[in-house]
Amino acid sequence: MTAAVHVEGLVKEFGDRRVVDGVDLTIPEGTVLGLLGPNGAGKTTTVRMLATLIRPDGGQARIGGYDLVKQANQVRRLIGLTGQYASVDEGISGRENLYMIARLLDLPRRRARERVDELLEQFDLVDAASRPAGKYSGGMRRRLDLAASMVGDPALLYLDEPTTGLDPRSRNNLWDSVRELVADGTTVLLTTQYMEEAEALADSIIVMDKGRVIASGTSAELRARVGGQVLRIRTARPEHLEQLARRLTAMRVRNFRVDRENRLVSVPIVTEAELTGMIHLLAASRLPIAGVDTHLPSLDEVFLTLTDKPREPADPDATIVLQRVF
Ligand SMILES: Nc1ncnc2c1ncn2[C@@H]1O[C@H](COP(=O)(O)OP(=O)(O)OP(=O)(O)O)[C@@H](O)[C@H]1O
Ligand SMILES: [Mg+2]
């Protein structure tokens with residue numbers, strides 16, 4: 028049985044608002060798809076539909092070969108879900124939470140106890156196992172949540188913003204747990220607002236905004252949509268900044284930025300020839316240079332570009348943007 032997911036034209040409407048508006052996605056078996064998007068993009072609604080918790084108003088989805096709507100019971104047997112908000116029972120211990128789920132899934136008592144021990148071990152909850160879940164830290168709750176969704180050993184796991192609110196260490200622990208599951212063959216749909224998380228875990232990424240898919244590809248492909256790299260040149264003295272800017276303009280260099288505050292000129296670079304050309308130009312200018320580096324656009328920059336959200340407003344005194352378009 029495959030755990031692959033194929034979705035075409037998925038739609039969900041609440042009243043007259045279409046919050047998921049024709050989403051297509053494919054998750055090959057044993058891979059991780061990162062579903063990225065800002066608040067309200069429709070990520071959770073998509074996951075809830077694919078988890079059979081709410082019914083789609085349009086589109087087709089096959090999960091592990093089963094029809095999402097007509098064969099919802101078979102689909103449910105394949106999936107585990109870790110929701111956006113912790114769903115543990117706070118009044119009972121971590122161990123009791125997991126045991127209860129194991130019994131609900133019809134595991135015999137002995138097998139249920141074994142499975143709970145395995146999961147407590149795997150998710151580093153052995154020491155806290157007997158304490159009430161209500162006394163757990165946020166990170167421990169998320170791990171307990173993840174363990175709870177793994178009790179039935181699902182072939183397909185949905186993780187809805189699994190690390191929101193976690194500190195970097197807990198987040199890394201959770202990422203490691205997800206990687207282990209994937210190494211064992213689990214297929215994962217992960218929603219997140221963090222590009223970094225998608226990049227760390229996902230084989231491919233789709234970006235959603237306002238109910239629609241606005242971009243898809245690997246993280247490298249998404250970065251490439253924003254352009255190549257950026258060359259930053261730091262001049263030794265403030266007056267050299269203006270001289271460098273004049274020279275770049277004279278040499279018809281396009282779209283560079285002058286950041287007076289940090290005494291930097293940033294030049295977008297698309298081809299290797301441009302980079303080489305810039306280095307020659309700098310050498311020929313004989314201006315004293317304090318530093319040079321290149322950096323790739325971060326995935327957050329990519330995300331902001333794709334979703335067309337305004338960036339931090341630039342200080343008009345500190346930054347002038349010179350654009351020459353040929
Ligand atoms: N049960 C509901 N009834 C009415 N509107 C809803 C319902 N559930 C979600 N919505 C609306 O649908 C839109 C998408 O919500 P959804 O929870 O899917 O977004 P999201 O991408 O998961 O956002 P977040 O990152 O904040 O979790 C939002 O505008 C939300 O208000
Ligand atoms: Mg959500």
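Quick note on numbering: the numbering used here labels position 208 of the sequence shown as 235, and the sequence is numbered without any gaps. We put the beta carbon where it would ideally sit given N, CA and C, even for glycine. Bear in mind the structure is a predicted one, so any value in this text is a computation, not a measurement.
Asked: Where Lys39 sits in the DSSP three-state scheme; Found: strand
Asked: Short Cβ contact (8 Å threshold) for Val205 with Ile128; Found: no
Asked: By C-beta, the residues closer than 6 Å to any heavy atom of ligand 1, given in chain order; Found: Phe41, Val46, Gly64, Asn66, Gly67, Ala68, Gly69, Lys70, Thr71, Thr72, Gln111 and Gln220
Asked: Beta-carbon gap between Asp320 and Arg259 smaller than 8 Å; Found: yes
Asked: Reduced DSSP secondary structure (H/G/I, E/B, other) of Thr303; Found: helix
Asked: Counted within 10 angstroms of its Cβ, other Cβ atoms place Lys97 as buried (16 or more) or exposed; Found: exposed
Asked: Contact test: Asp187 Cβ vs ligand 2 heavy atom, cutoff 7 Å; Found: yes
Asked: Collapsed DSSP secondary structure at Met235 in the structure displayed; Found: strand
Asked: With 16 other Cβ atoms within 10 Å as the buried cut-off, status of Arg372; Found: With the chain running from 28 to 353 in the structure shown, residue 372 is simply not present.
Asked: Alpha-carbon to alpha-carbon, Arg287 and Glu266; Found: 10 Å
Asked: Simplified DSSP state of Gln270, which is helix, strand or coil; Found: helix
Asked: Beta-carbon proximity check, Asp89 vs Ile81, cutoff 8 Å; Found: For clarity, residue 89 is Arg in the given sequence; the question names Asp instead. No; because the gap between Cβ atoms is not below 8 Å, this pair is not in contact.
Asked: Top-ranked residue by Cα proximity to Gly92, from Gln101, Leu249, Gly86 and Asp203; Found: Gln101
Asked: Gly165 vs Leu193 beta-carbon contact at 8 Å; Found: yes
Asked: Strand pairing of Gly244, partner residues [DSSP]; Found: Ile232
Asked: Thr109 beta carbon less than 8 Å from that of Pro159; Found: no
Asked: Contacts around Thr79, its chain only, beta-carbon distance under 6 Å, and the 5 residues preceding and following it disregarded; Found: Ala99, Val102 and Arg103
Asked: Alpha helix (DSSP H) runs wholly inside the stretch 126–196, at least 4 long, in chain order; Found: 136–149 and 165–177
Asked: The stretch 197–211 in contact with the stretch 47–55 per 3-pair CB rule at 8 Å; Found: no
Asked: Every unbroken alpha helix (DSSP H) within the stretch 30–99, with a cutoff of 4 residues, ordered by chain; Found: 70–77
Asked: Residue from Gly107, Asn66, Ala227 and Arg140 with nearest C-alpha to Arg122; Found: Arg140
Asked: Assumed close pair Lys70, Met235 - CB separation to whole angstroms, cut-off 8 Å; Found: 6 Å
Asked: Length of the line joining the Cα atoms of Glu148 and Pro135; Found: 20 Å
Asked: Contacts around Pro65, its chain only, beta-carbon distance under 8 Å, and the 5 residues preceding and following it disregarded; Found: Gln220, Asp236, Thr334 and Lys336
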